[in-house]
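6 protein chains.
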Amino acid sequence: MKKGIDHHQIGESVDQYLLIKNAKKGIASNGKPFLTLHVSDKSGEIEAKMWGVTPEDETKYSSGTIVHIQGDVQDFRGMRQLRLKTIRPAGGLEQSRTEDFLPSAPLGREEMLEKVNQYLFEMSNAKLQRITRHLFKKHQQDFSVSPAATKNHHEFVSGLLYHVLSMLELSRSISDLYPTLDKDLLYAGVILHDMAKVRELSGPMATQYTLEGKLIGHISMMSSEVDEAAKELGIEGEEVLVLQHLILSHHSKGEWGSPKPPMVREAEILHMIDNIDAKMNMMDRALERAAPGEFTERIFAMDQRSFYKPTFTI
Amino acid sequence: MKKGIDHHQIGESVDQYLLIKNAKKGIASNGKPFLTLHVSDKSGEIEAKMWGVTPEDETKYSSGTIVHIQGDVQDFRGMRQLRLKTIRPAGGLEQSRTEDFLPSAPLGREEMLEKVNQYLFEMSNAKLQRITRHLFKKHQQDFSVSPAATKNHHEFVSGLLYHVLSMLELSRSISDLYPTLDKDLLYAGVILHDMAKVRELSGPMATQYTLEGKLIGHISMMSSEVDEAAKELGIEGEEVLVLQHLILSHHSKGEWGSPKPPMVREAEILHMIDNIDAKMNMMDRALERAAPGEFTERIFAMDQRSFYKPTFTI
Amino acid sequence: MKKGIDHHQIGESVDQYLLIKNAKKGIASNGKPFLTLHVSDKSGEIEAKMWGVTPEDETKYSSGTIVHIQGDVQDFRGMRQLRLKTIRPAGGLEQSRTEDFLPSAPLGREEMLEKVNQYLFEMSNAKLQRITRHLFKKHQQDFSVSPAATKNHHEFVSGLLYHVLSMLELSRSISDLYPTLDKDLLYAGVILHDMAKVRELSGPMATQYTLEGKLIGHISMMSSEVDEAAKELGIEGEEVLVLQHLILSHHSKGEWGSPKPPMVREAEILHMIDNIDAKMNMMDRALERAAPGEFTERIFAMDQRSFYKPTFTI
Amino acid sequence: MKKGIDHHQIGESVDQYLLIKNAKKGIASNGKPFLTLHVSDKSGEIEAKMWGVTPEDETKYSSGTIVHIQGDVQDFRGMRQLRLKTIRPAGGLEQSRTEDFLPSAPLGREEMLEKVNQYLFEMSNAKLQRITRHLFKKHQQDFSVSPAATKNHHEFVSGLLYHVLSMLELSRSISDLYPTLDKDLLYAGVILHDMAKVRELSGPMATQYTLEGKLIGHISMMSSEVDEAAKELGIEGEEVLVLQHLILSHHSKGEWGSPKPPMVREAEILHMIDNIDAKMNMMDRALERAAPGEFTERIFAMDQRSFYKPTFTI
Amino acid sequence: MKKGIDHHQIGESVDQYLLIKNAKKGIASNGKPFLTLHVSDKSGEIEAKMWGVTPEDETKYSSGTIVHIQGDVQDFRGMRQLRLKTIRPAGGLEQSRTEDFLPSAPLGREEMLEKVNQYLFEMSNAKLQRITRHLFKKHQQDFSVSPAATKNHHEFVSGLLYHVLSMLELSRSISDLYPTLDKDLLYAGVILHDMAKVRELSGPMATQYTLEGKLIGHISMMSSEVDEAAKELGIEGEEVLVLQHLILSHHSKGEWGSPKPPMVREAEILHMIDNIDAKMNMMDRALERAAPGEFTERIFAMDQRSFYKPTFTI
Amino acid sequence: MKKGIDHHQIGESVDQYLLIKNAKKGIASNGKPFLTLHVSDKSGEIEAKMWGVTPEDETKYSSGTIVHIQGDVQDFRGMRQLRLKTIRPAGGLEQSRTEDFLPSAPLGREEMLEKVNQYLFEMSNAKLQRITRHLFKKHQQDFSVSPAATKNHHEFVSGLLYHVLSMLELSRSISDLYPTLDKDLLYAGVILHDMAKVRELSGPMATQYTLEGKLIGHISMMSSEVDEAAKELGIEGEEVLVLQHLILSHHSKGEWGSPKPPMVREAEILHMIDNIDAKMNMMDRALERAAPGEFTERIFAMDQRSFYKPTFTI
């Protein structure tokens with residue numbers, strides 16, 4: 036079986052079907068138009084340049100098109116790039132199969148939803164459970180396919196759900212070690228903290244920020260949703276307030292987007308768990324592409340650091 | 036007529052009724068308990084120390100009590116302090132007169148409400164006007180007496196309303212000079228930006244932060260209220276989103292409490308108008324107490340700066 | 036009548052006379068020389084690239100030449116760019132008409148000078164008035180044509196004078212609302228604060244920093260000028276000192292170029308008024324070029340923010 | 036059974052034996068000398084002031100003395116303070132029992148050492164295991180009683196060992212969830228990261244920084260020890276280098292004392308695990324002393340934040 | 036011969052004449068007035084508290100009075116403090132001898148002036164020499180007695196002149212090692228850089244900031260003086276500009292008070308030489324008072340660092 | 036005699052032998068491979084682009100090859116660049132002459148080693164001397180050719196030794212002026228502070244960071260070496276500790292790589308001397324290439340500042 040586009044080394048040739056996730060027009064320094072394509076299969080994505088394009092090419096090779104490409108992988112300023120030799124639209128392939136060409140979470144959507152449900156089931160604080168379940172049901176559809184971000188970490192189909200599930204597992208382990216932590220509060224915080232990304236981002240394909248994403252942001256939107264859900268369900272009490280606080284403070288600092296710093300034990304831990312899972316995801320993916328004895332590319336969201344892959348670890 | 040407590044110079048004697056706005060117990064370095072009293076009349080407030088207090092004194096001189104005091108004004112580390120010679124509860128004076136001893140805005144409550152109404156009346160964008168009017172009515176009672184803060188600026192009865200009114204006047208002048216500004220949007224932003232301080236603060240007497248004030252904050256609370264008001268009134272459209280954005284961004288930066296920086300022209304101007312009015316209030320009050328040719332006390336919220344009062348200005 | 040170069044949309048064709056404000060040689064990545072031209076008419080300016088130039092071209096198309104251009108407007112990395120089809124020097128047009136091709140303030144020079152004079156006339160503090168009038172007369176010629184900056188805001192012919200006039204109007208409005216402000220001091224500060232930009236910058240055409248602009252800066256130069264003017268006019272007293280302070284502190288913070296922070300009420304307000312007018316100018320110009328429902332380009336001097344143009348404002 | 040000194044509420048009386056952990060002389064504002072005593076039993080410590088002391092008192096009540104105290108617990112500026120009524124040296128009690136009056140880890144020393152040994156036993160990379168075991172044996176004696184710090188977190192007898200053990204447990208859980216982590220490397224890093232605190236701090240009683248602690252610091256000292264241990268054991272290879280890197284980078288940033296930021300996956304995770312355990316310890320102890328519905332004292336090492344104790348958690 | 040007040044250890048008794056450099060009234064926590072006296076002899080100064088003072092005492096023990104004191108030196112919060120047993124005005128001692136009780140530079144005024152003249156004499160660039168000599172003559176009187184600061188470094192009689200002389204010697208050595216440096220420019224910069232401190236500070240006794248010191252500052256004042264001196268002497272050319280730049284940039288950064296950063300080689304070196312001499316002065320004086328094997332008090336202007344005095348250095 | 040490559044002005048032609056110090060492959064925006072060459076002779080280095088290269092070219096023109104080049108010097112974005120007309124390998128020239136084409140220190144290696152030995156000879160503290168001499172001998176070979184950095188300052192053959200020698204001369208001058216400084220300690224600190232750069236960097240040709248350079252860094256490595264040297268030589272005492280401290284703190288702040296700030300007088304001065312010599316080197320080289328009356332290129336490691344070269348200095 037052929038390996039995916041994400042595993043091609045510099046110098047290897049490519050001959051396969053790929054999806055144009057994103058196509059953007061530019062003007063070369065010689066004055067001629069070109070296209071920057073991000074093409075993907077299940078394994079990941081890669082950038083390709085298409086030089087000297089005609090207006091017809093722009094239409095033919097727009098976002099969402101499945102194409103057949105022959106070419107090879109080059110190094111361009113320390114990043115992999117796909118050099119095109121031939122490219123043609125895969126006319127016969129139906130658009131409904133787009134999903135087969137998008138990178139997605141390593142677990143199935145249904146399996147993950149089922150697992151989250153299991154955590155919901157374990158919660159014993161009725162107020163926290165009812166609010167969380169209500170919002171989980173409300174957004175379940177989008178929540179199950181949304182990426183967690185446009186780039187940096189978990190930026191793939193169902194990335195948000197996968198991120199939440201990993202955090203739930205971390206929450207359980209850490210709560211077992213530190214019994215002063217309120218598991219229910221932590222689970223509720225984990226499940227809801229990023230849920231409004233389904234409104235902040237435009238969805239799993241050609242993902243970008245929506246207008247309300249830019250002007251309001253997922254943190255404020257989700258805090259409002261908890262407030263409204265509580266009113267709708269007739270729930271009162273400190274739980275509502277504290278749950279909103281967990282959501283508002285999960286970026287930890289004002290300069291990172293949180294209007295309040297964590298002032299509740301579980302809020303502090305929620306932030307740290309979020310951090311661990313996001314950073315593990317970024318490091319793992321960068322290190323996967325590096326050979327033992329080498330440094331990775333710089334990771335933008337980790338202070339531009341490169342990570343070294345020791346020769347003695349497996 | 037006697038002048039108020041705020042106008043007594045160092046060395047002058049005091050002989051008048053005053054309200055204990057705040058009483059706090061401490062332990063002196065000789066091990067004996069004492070009370071730190073903040074006493075006020077209409078003109079302002081001053082700190083006084085009551086040494087060697089008994090448990091009975093603590094009950095007798097608690098917050099909210101009107102007392103008669105004889106003493107004189109001293110300098111204590113660059114701040115004025117009232118030295119007590121005699122103090123006794125003013126038993127015969129009814130508690131309903133508390134308000135007569137609290138500093139308050141220079142304009143009457145009714146007059147100010149009427150003026151704000153006038154601005155509402157001038158608004159022509161129906162969506163913005165209806166949301167603003169709805170929330171103004173909802174909170175009118177508390178809004179008309181709340182201070183704008185616990186300290187720093189406009190920390191007196193009706194201080195919030197007075198602050199909003201000054202900002203409305205600034206808004207009109209500036210919009211007249213820069214016609215690209217949307218007056219309706221600016222007026223709505225000014226009236227609503229701090230309105231949730233009625234929930235963040237505990238009211239005009241012994242003012243402190245509420246639990247939801249600490250954990251959620253007036254910025255997030257007010258953004259939610261606009262969202263809910265719009266739903267309640269059946270209003271949809273970009274106005275709701277942009278109005279929420281003005282509220283969320285009016286502190287301008289993450290480290291000052293805003294989850295989003297201003298990204299709409301009127302949001303930027305709202306922040307600046309807020310700044311001008313707050314700073315004028317702080318500078319005016321500090322300079323009022325300084326003689327020409329002197330520097331004021333340091334103003335905490337203005338980077339600890341002292342301001343000079345020139346001898347040639349009136 | 037034809038519309039100006041600033042109002043051409045992407046894709047529209049251009050066929051008109053333009054002034055080369057600035058011409059700079061570069062080497063393309065293929066090793067061949069090219070020219071980056073900034074060409075302008077009254078409405079504004081646009082960048083154009085001229086590929087594969089000869090040494091003769093460099094002479095023929097230098098700064099200050101009026102040319103006739105045919106071409107069209109393209110998008111280049113989010114900025115508008117003019118693609119040249121033909122270009123030729125407009126030999127018959129006399130150089131004295133250069134000014135007709137430079138963007139300039141929306142009001143006439145004489146009208147603005149007259150208005151500033153009106154403000155001078157209103158001042159009642161004789162010391163402040165005499166110093167201000169003296170320096171205004173001294174620099175009147177350059178002051179009436181100088182831009183306020185090389186880029187960012189008011190970077191057009193008479194931009195400095197226009198900026199000062201707007202600030203005077205703001206000063207009047209704000210002083211009317213806050214009667215503790217000394218109008219004379221504020222007017223004097225506004226008129227003089229940036230006046231040494233006539234020495235810091237090289238003038239309205241191909242504007243750049245002078246040597247004394249770089250090594251001394253307009254703030255220190257103007258403070259010295261006030262000192263010398265006072266000596267020349269035989270004026271003594273605190274007014275001189277305080278006026279120098281307003282100039283020295285008008286950038287507010289050390290890291291923004293002010294050796295002293297504002298320590299006089301009018302100095303603080305001068306900084307804020309300067310800020311409002313500069314930011315309104317930047318936002319207005321960026322928003323003018325954006326369609327409703329879109330974000331502007333990033334504004335460099337406003338923390339790289341983009342601004343949204345709501346669909347409901349006019 | 037009597038409860039310990041750490042559990043006395045404001046107003047409760049005290050009548051028990053206590054150890055003077057620290058005694059410091061001061062001069063009161065009335066010019067008379069006094070002693071600030073930190074007295075402790077197993078449960079924790081509390082501050083007491085002894086007024087008007089004689090030179091004999093200073094000798095009699097020095098650090099390390101066990102005394103009998105009668106008094107009561109007061110509030111002093113938001114901190115608990117013990118007011119002395121009577122105090123006398125507990126002459127008959129032998130000094131060897133000092134340890135009975137010092138707060139210490141909730142687990143026994145031997146039990147903890149045994150558990151760490153278990154983790155060492157699980158390691159399969161021989162190089163990492165031998166270096167770690169070598170240094171663990173070398174410092175075992177001091178390592179088993181040292182506090183982890185002079186204040187802030189784990190500042191009690193065997194605090195360092197307890198901190199390391201908690202971190203080992205966290206390491207196991209997290210490595211189970213993220214299989215790309217090298218467990219051996221992480222365990223080695225956890226066991227060694229703070230080991231040189233046995234040289235940086237003066238021991239469990241009247242803990243202070245040593246000269247080499249101040250001038251060199253535990254991070255640099257431990258990195259050198261790993262280097263020397265490897266040479267002594269004849270071990271070469273990347274393991275030595277990477278293990279030193281984990282130690283050098285475990286404070287994450289230069290401004291927090293690390294000469295290198297984490298550049299290996301396990302180094303990043305080591306920092307985060309260290310952070311979680313330290314913060315849980317600080318939050319737990321502050322919250323233990325707060326009643327439900329109240330905020331804790333400010334926690335210095337967590338940006339001076341106060342934490343809220345919800346009424347609905349147990 | 037008796038040793039001076041600066042060399043008394045904790046516990047030693049004092050019996051000598053001292054000058055009250057500064058007297059400030061305060062209110063003790065028991066409500067009674069007291070005086071904080073800074074008393075000095077040639078060797079240095081020390082703080083003393085005078086408890087329970089009468090209004091007569093305040094007059095009798097004001098700044099500038101010479102008194103006879105018996106007492107002893109105590110430790111107060113890590114600082115030395117003089118405890119008064121008896122104090123009386125030294126009526127018979129004439130006020131003209133005040134200077135005998137003020138700490139001053141280790142070299143004589145005349146000797147230092149002569150040495151600076153020598154450096155002036157060595158300068159070969161006539162323009163720089165004439166401006167420097169002109170201003171040196173103009174301020175010679177005050178320049179020869181002024182301290183360099185109110186606190187931190189060289190805060191004694193003739194401290195400014197002593198600081199300048201040390202910097203001249205450093206300049207000569209460094210220029211000898213780096214021949215690209217222009218000695219004349221560096222000497223001129225050193226002599227003038229702080230000269231306006233004679234206007235910024237009120238003189239050697241009870242030193243404080245003047246109004247122009249606070250509102251304008253010595254940096255801006257001196258830059259203006261160079262400008263005016265050049266005009267007066269009819270000197271033109273780049274020397275004037277560059278010399279002003281050296282003065283304006285000698286604090287190196289905006290946040291440290293310089294409106295321009297160094298942009299000329301000698302400006303950068305001037306800043307560094309200033310730094311070395313100021314820091315050597317602060318470290319030397321702190322270390323002089325510490326015993327070998329101990330740390331000094333924290334030095335405020337060096338990031339609050341304490342310095343260690345090794346036992347092996349002499 | 037022909038002048039070197041570093042002294043060619045824009046527009047001048049080149050016809051000489053040069054060494055390829057570094058060759059790096061890239062992909063042009065037209066998709067074709069090119070080489071970026073850094074070529075050097077004794078006088079310095081310059082960048083050149085080689086367009087449209089074949090796989091054979093890549094082999095032929097790799098790092099370390101001596102080539103003959105004809106071309107001319109151009110301006111590329113404010114930097115000088117060499118445009119190639121012809122290039123061919125200088126087959127007949129033996130590789131052993133590589134050194135003749137590398138920029139190196141202005142003094143000979145042997146002469147400099149001899150001078151450093153002279154300073155060692157002057158040291159009278161036997162402990163400091165023995166440790167320093169031991170490590171100097173150990174690394175002498177590499178130390179005598181290593182550059183001080185990969186870029187910024189002293190990045191040439193023997194740059195490290197030259198840097199150390201200049202600092203020793205500065206140390207002698209400054210210690211002469213400030214006799215409280217311990218010369219031996221300062222000399223030892225200067226000689227050792229950067230010595231581990233022989234391990235951090237890969238040597239004088241195609242210099243890059245080694246793995247231990249990246250993960251450990253020269254500061255930590257050298258501190259360990261001092262520790263081990265002392266043990267090997269059987270030296271004990273505070274000297275070892277303090278010398279390690281000088282090395283650890285010589286970058287002054289955590290964010291610049293030092294795990295401890297200077298806490299010993301000589302440590303503070305070591306940092307300042309290091310700074311002076313590095314900055315003089317950077318400024319001198321930038322100013323050498325600028326004409327009088329012009330500004331230099333921006334110097335990256337000096338806050339991106341440009342320096343002005345006055346017309347009146349020689």
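Chains as they are written, first to last, in our numbering: chain A, 36 to 349; chain B, 36 to 349; chain C, 36 to 349; chain D, 36 to 349; chain E, 36 to 349; chain F, 36 to 349.
Where is the CB? At the ideal position from N, CA and C, for every residue including glycine.
field: Cβ-Cβ separation, ASP217/F to THR348/E (assumed contact under 8 Å), whole Å
entry: 4 Å
task: At 7 Å on the CB atoms, spell out the chain F contacts of GLN51/A, in chain order.
output: Under the 7 Å cutoff, chain F gives no residues; its nearest Cβ is about 21 Å from GLN51/A.
- prompt: In chain A, which residues lie with their C-beta within 7 Å of the C-beta of GLN109/C?
  reply: ILE62
- request: Starting from VAL49/C, follow its DSSP beta bridges and name the residues at the other end.
  value: GLY106/C
- prompt: Mind pulling the chain C residues with CB within less than 8 Å of TYR343/F?
  reply: Against chain C, a Cβ distance below 8 Å from TYR343/F picks out LEU246, LYS249 and LEU250.
- request: Answer with buried or exposed for MET158/E, where buried requires no fewer than 16 other C-beta atoms within 10 angstroms of its C-beta.
  value: buried
- prompt: Can ASP312/C and HIS198/C be called in contact, C-beta distance under 9 Å?
  reply: yes
- request: Give the straight-line distance between the Cα atoms of PHE156/E and GLY328/F, rounded to the nearest whole angstrom.
  value: 28 Å
message: Does ALA265/D pass the burial test, meaning 16 or more other C-beta atoms within 10 Å, or should it be called exposed?
response: Label assigned to ALA265/D: buried.
message: Can you pull out the residues from the segment 142 to 154 of chain B whose beta carbon lies closer than 7 Å to at least one beta carbon of chain C?
response: Going along the segment 142 to 154 of chain B in chain order, one finds no residue with a Cβ nearer than 7 Å to chain C.
query: By how many angstroms is the C-alpha of LEU250/A removed from the C-alpha of HIS306/D?
result: 35 Å
- request: Grab me the residues of GLY87/B's own chain with a C-beta within less than 6 Å of its C-beta, minus the 5 sequence neighbours each way, in chain order.
  value: If we look at GLY87/B and ignore the five residues flanking it on each side, its Cβ neighbours are LYS67.
Buried/exposed call for TYR244/F, threshold 16 Cβ in 10 Å: exposed
- prompt: What separation, rounded to the nearest whole angstrom, lies between the Cα atoms of ALA241/B and THR185/D?
  reply: 39 Å
field: Host alpha helix (DSSP H) of LYS120/A (start-end)
entry: Run containing LYS120/A: none in the alpha helix (DSSP H); it sits in the beta strand (DSSP E), 114 to 124.
- prompt: Which of helix, strand or coil does DSSP assign to MET318/A?
  reply: helix
task: Give, in chain order, every residue of the segment 276 to 298 of chain F whose Cβ lies closer than 8 Å to some Cβ of chain D.
output: LEU276, VAL277, GLN279, HIS280, LEU283, LYS288, GLY289, GLU290, TRP291, GLY292, SER293, PRO294, LYS295 and MET298
task: At 9 Å on the CB atoms, spell out the chain C contacts of MET307/B, in chain order.
output: MET307, ASN310, ILE311 and LYS314
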